[in-house]
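K.L.:
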Amino acid sequence: MIQHSVIFTLKHAPGSIQEQAFFEAVQQLATIPGVGQFSCLRQISPKNQFTFGLSMVFASQDEYDQYNQHPLHQAFVEQHWINEVTEFMEIDFQPLD
Numbered sequence: 001m002i003q004h005s006v007i008f009t010l011k012h013a014p015g016s017i018q019e020q021a022f023f024e025a026v027q028q029l030a031t032i033p034g035v036g037q038f039s040c041l042r043q044i045s046p047k048n049q050f051t052f053g054l055s056m057v058f059a060s061q062d063e064y065d066q067y068n069q070h071p072l073h074q075a076f077v078e079q080h081w082i083n084e085v086t087e088f089m090e091i092d093f094q095p096l097d
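The structure is reproduced here in structure tokens:
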């Protein structure tokens with residue numbers, strides 16, 4: 001099991017049409033085979049500079065690799081992520097046991 005998370009900040013004004021359009025586009029990622037427990041999150045802690053998060057779970061490394069190579073994921077990165085995210089951190093966890 002892999003829990004894939006990205007925390008990030010958008011260049012768009014909070015509550016803007018552009019911000020809403022970004023999160024509408026994000027929903028396409030949840031339709032990629034192998035994606036489980038998909039969540040869009042708003043960061044509320046004052047302890048870091050990031051504003052949002054995405055989280056999803058994959059049953060295996062193979063499913064995670066297929067997600068990264070999937071045309072919908074690659075198109076999202078090209079069309080939205082690169083142009084709209086100002087900074088981010090990616091975190092991928094596996095259980096300790």
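The UniProt record's numbering puts the first residue of the sequence shown at 1, with every later residue one more than the last.
We put the CB at the ideal spot given by N, CA and C, even for glycine.
Checking 8 angstroms against the spacing of the C-beta atoms, do GLY36 and PHE52 come in under that value?
P.N.:
No, the pair does not count as a contact, with Cβ atoms beyond the cut-off.
K.L.:
Kindly give me the distance between the Cβ atoms of GLU84 and LEU29, rounded to whole angstroms, as I take these residues to be in contact under 8 angstroms.
P.N.:
Not really, about 14 angstroms apart at Cβ, beyond 8 angstroms.
K.L.:
Just how far apart, CA to CA, sit GLN49 and VAL6?
P.N.:
Roughly 13 angstroms between the two C-alpha positions.
K.L.:
Hey, quick one: how far does the alpha helix (DSSP H) through GLN20 stretch, first residue to last?
P.N.:
For GLN20, the uninterrupted alpha helix (DSSP H) run begins and ends at 17-26, by DSSP.
K.L.:
Let me make sure I understand the geometry here. Which of ALA13, TYR64, GLY15 has the alpha-carbon closest to that of ILE32?
P.N.:
TYR64
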